[in-house]
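Novice: Input: one structure, supplied below.
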Amino acid sequence: LLIYNVDIRSIDFPSLKIIWGDDLLDETSALTLSSNLELKELRMPKLRAIHKGNVRIENSTFLCYLQSKVNWNELLEDDAENRLITSDSAFRQCNPKLLKCTECDHCWSGKAKYCQEEYRSVCGDRCSSRQCFLPANSSEYECCHEACTGGCTGRGAHQCVACRELSLDGACVHQCPPMMVHDPKKGMLIPNPKGRYVYDRYCVEECPKELLVERDACVRHCSEGSHHDMTKDSRRCEPCKGPCPKGNLTLFV
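Listed below in C-alpha cells is the structure:
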C-alpha cells in the first residue's frame with residue numbers, strides 16, 4: 002500500500018483488516034507514506050495486522066496520530082522496533098501532548114469510532130499465539146488459536162479474523178489435505194477424497210478455470226522444467242521432455 006504526494010487532509014480505509022505484504026515496495030515495505038505534506042490523518046480502525054514487510058513513513062510531517070497514538074506493535078507482531086521505519090522529516094510538526102483518544106488508549110483519530118482494536122498487548126505472556134479475545138459477559142481474556150493472524154472472535158481455528166497460512170472450509174490450517182495419500186495396504190499413492198488444491202490462501206476442491214494445475218496447487222505459470230501442453234484437454238503442468246517449449250508462461254483461458 003503506497004500513499005504518495007496526496008494533497009488531502011484525511012484518508013479512510015474503514016474496512017481494511019489485514020495488509021498481507023505479498024507485493025512489497027522495493028522488496029521491503031508493505032505500507033509506505035511519503036511526501037504527504039497536507040495529510041493529517043490516515044484512519045484504519047479495523048486494521049489488525051501487517052503480515053509481512055515494513056512500514057515506512059517519510060516527509061509526512063502532520064501524521065501525528067501515527068507517531069504517538071497508534072500501537073505499532075499490535076500491527077507488526079511485537080516487532081515495531083525493526084519494522085517501523087521513519088525518516089527525520091516525519092512528524093516534525095507534531096506535539097504528542099495535544100493529541101487525545103476518546104474512550105481508548107490508542108487510536109487513529111480523536112473520535113471514539115477510530116479507536117485502535119488491540120488483541121496482543123492485552124494478552125500479556127500467557128498466550129503462545131500472542132493473540133487473545135474477550136468473551137461476551139466476561140472480564141478475562143482468552144487465547145486465540147495459533148493458526149490465526151489479526152486475532153479472533155472466539156475459541157478455535159474457525160473463529161480467526163484471518164488465517165496465518167491457509168483457510169479450509171472456514172477454519173485456519175497450516176496446510177491443505179494432499180491430493181494423494183499413501184495406502185499402506187497397497188503400498189502406493191492413491192487419490193485422497195478429501196484432498197484440496199492450494200489457491201491463494203485457501204484450500205479448494207477445484208482450481209479456478211483461468212488457472213493451471215501443478216501438483217497440489219493452482220498456478221498462473223508452470224514451474225521451471227514443466228509446461229502446459231495446449232494440444233491436450235487438460236490444465237495440468239507436465240514435465241518437459243527435453244527443452245521446454247517457448248510460450249510456457251501463457252495462461253490457460
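Count along the sequence shown from 1, then add 1; that gives the number in this note's numbering.
Beta carbons are placed, not taken as given, at the ideal position from N, Cα and C, and that holds for glycine.
Near residue 102, which residues of its chain fall below 7 angstroms by C-beta distance, leaving aside the five closest residues on each side in sequence?
Specialist: Numbered from 1 along the sequence shown, position 101 holds the residue referred to as residue 102. Within the same chain, residue 102 has close Cβ partners 70, 108, 111 and 116.
Novice: Where residue 88 and residue 97 are concerned, what is the direct C-alpha to C-alpha distance, given to the nearest angstrom?
Specialist: Within the sequence shown, numbered from 1, the residue matching residue 88 stands at position 87. Within the sequence shown, numbered from 1, the residue matching residue 97 stands at position 96. Residue 88 and residue 97: Cα-Cα distance of roughly 17 angstroms.
Novice: Take residue 51 and list the residues in its own chain whose beta-carbon comes closer than 7 angstroms to its own, dropping the five residues that flank it on each side.
Specialist: Here residue 51 refers to the residue found at position 50 when the sequence shown is read from its first residue. Hits under 7 angstroms: 20, 22, 31, 32, 76 and 77.
Novice: What residue range is occupied by the uninterrupted alpha helix (DSSP H) comprising residue 74?
Specialist: Within the sequence shown, residue 74 is the residue found at index 73, counting from 1. 73-76 is the span of the alpha helix (DSSP H), which, as asked, contains residue 74.
Novice: Check residue 44 in the structure and name its three-state DSSP category.
Specialist: Along the sequence shown, read from residue 1 onward, the residue named residue 44 stands at position 43. Looking at residue 44 - three-state DSSP - the assignment turns out to be strand.
Novice: Could you compute how far the alpha carbon of residue 199 sits from the alpha carbon of residue 241?
Specialist: On the sequence shown, residue 199 is found 198 positions in, with the first residue counted as 1. On the sequence shown, residue 241 is found 240 positions in, with the first residue counted as 1. Looking at the two C-alpha atoms, the distance is approximately 23 angstroms.
Novice: Between residue 216 and residue 202, what straight-line distance do the alpha-carbon atoms span, to the nearest angstrom?
Specialist: As a working note, residue 216 is residue 215 in the sequence shown. As a working note, residue 202 is residue 201 in the sequence shown. Going by the C-alpha atoms only, they are around 16 angstroms apart.
Novice: Would a C-beta distance cut-off of 8 angstroms place residue 5 and residue 35 closer than the cut-off?
Specialist: As a first step, residue 5 must be located in the sequence shown, where it is residue number 4. As a first step, residue 35 must be located in the sequence shown, where it is residue number 34. Their beta carbons are under 8 angstroms apart, which means residue 5 touches residue 35 by this criterion.
Novice: Can you tell me which of 136, 212 and 177 puts its alpha carbon nearest to the alpha carbon of residue 205?
Specialist: Translated into the one-based positions of the sequence shown, residue 205 becomes position 204. Residue 177 is the option with its Cα nearest to residue 205.
Novice: So the candidates are 144, 104, 113 and 85; which of them puts its Cα closest to the Cα of residue 122?
Specialist: Taking the first residue of the sequence shown as 1, we reach residue 122 at position 121. If we check each option's Cα against that of residue 122, 144 comes out closest.
Novice: Can you grab the Cα-Cα spacing for the pair residue 223 / residue 214, in whole Å?
Specialist: Position 222 of the sequence shown holds residue 223. Position 213 of the sequence shown holds residue 214. When rounded, the distance between both Cα atoms is 8 angstroms.
Novice: What's the gap between the Cα of residue 81 and the Cα of residue 29?
Specialist: Position 80 of the sequence shown, counted from the start, is the residue given in the question as residue 81. Position 28 of the sequence shown, counted from the start, is the residue given in the question as residue 29. Approximately 14 angstroms between the Cα atoms of the pair.
Novice: Identify which residue in 130, 187, 137 and 64 has its Cα closest to the Cα of residue 37.
Specialist: For this step, residue 37 is matched to residue 36 along the sequence shown. Measuring from the Cα of residue 37, the nearest candidate turns out to be 64.
Novice: Alpha carbon to alpha carbon, how far is residue 140 from residue 171?
Specialist: By one-based count along the sequence shown, residue 140 stands at place 139. By one-based count along the sequence shown, residue 171 stands at place 170. If I take the Cα positions, the gap works out to 28 angstroms.
Novice: Per DSSP, residue 229 is paired with what?
Specialist: If you number the sequence shown from 1, residue 229 lands on position 228. Paired residues: 238.
Novice: How is the alpha helix (DSSP H) around residue 65 delimited, first residue to last?
Specialist: Taking the sequence shown and counting its residues from 1, the one referred to as residue 65 is at position 64. Per DSSP, residue 65 belongs to the alpha helix (DSSP H) from 65-69.
Novice: Just grab the DSSP bridge partners of residue 177 for me.
Specialist: Translated into positions along the sequence shown, residue 177 becomes position 176. Note: residue 177 sits in no beta bridge, so no partner.
Novice: To the nearest angstrom, how far is it from the Cα of residue 93 to the Cα of residue 83?
Specialist: Translated into the one-based positions of the sequence shown, residue 93 becomes position 92. Translated into the one-based positions of the sequence shown, residue 83 becomes position 82. When rounded, the distance between both Cα atoms is 21 angstroms.
Novice: Checking 8 angstroms against the spacing of the C-beta atoms, do residue 7 and residue 48 come in under that value?
Specialist: Indexing the sequence shown from 1 puts residue 7 at position 6. Indexing the sequence shown from 1 puts residue 48 at position 47. No, Cβ-Cβ distance for residue 7 and residue 48 is not below 8 angstroms.
Novice: Exposed or buried, which one is residue 254 when buried takes at least 16 other CB atoms within 10 Å?
Specialist: Start at 1 with the first residue of the sequence shown, and residue 254 comes out as number 253. The predicted position of residue 254 is uncertain, since its pLDDT is 45 and thus under 50; a value taken from the coordinates is nonetheless stated next. Residue 254 is classed as exposed because its beta carbon has fewer than 16 other beta carbons within 10 Å across all chains shown.
Novice: Which same chain residues end up closer than 6 angstroms to residue 219 when comparing Cβ atoms and leaving out the 5 residues on each side of it in sequence?
Specialist: On the sequence shown, position 218 is the one that residue 219 refers to. Around residue 219: 198, 200, 208 and 212.
Novice: Alpha carbon to alpha carbon, how far is residue 163 from residue 174?
Specialist: The residue you call residue 163 lines up with position 162 of the sequence shown. The residue you call residue 174 lines up with position 173 of the sequence shown. Their backbone Cα atoms lie some 11 angstroms apart in a straight line.
Novice: Are the C-beta atoms of residue 54 and some chain D residue less than 8 angstroms apart?
Specialist: This model lacks chain D altogether; it includes just one protein chain.
Novice: In terms of DSSP beta bridges, what is residue 30 paired with?
Specialist: In the sequence shown, the residue the question calls residue 30 occupies position 29. Answer by DSSP bridge pairing, in chain order: 26 and 55.
Novice: Run through the DSSP bridge pairs and tell me what residue 183 is partnered with.
Specialist: For the purposes of this step, residue 183 is taken as residue 182 along the sequence shown, with counting starting at 1. According to DSSP, residue 183 bridges with 190.
Novice: Thinking C-alpha only, which one of 2, 18 and 43 is nearest residue 27?
Specialist: Within the sequence shown, numbered from 1, the residue matching residue 27 stands at position 26. When only C-alpha atoms are compared, the closest one is 2.
Novice: Have a look at residue 132 and residue 245 and give me their C-alpha separation to the nearest angstrom.
Specialist: Taking the sequence shown and counting its residues from 1, the one referred to as residue 132 is at position 131. Taking the sequence shown and counting its residues from 1, the one referred to as residue 245 is at position 244. Distance between the alpha carbons of residue 132 and residue 245 is about 47 angstroms.
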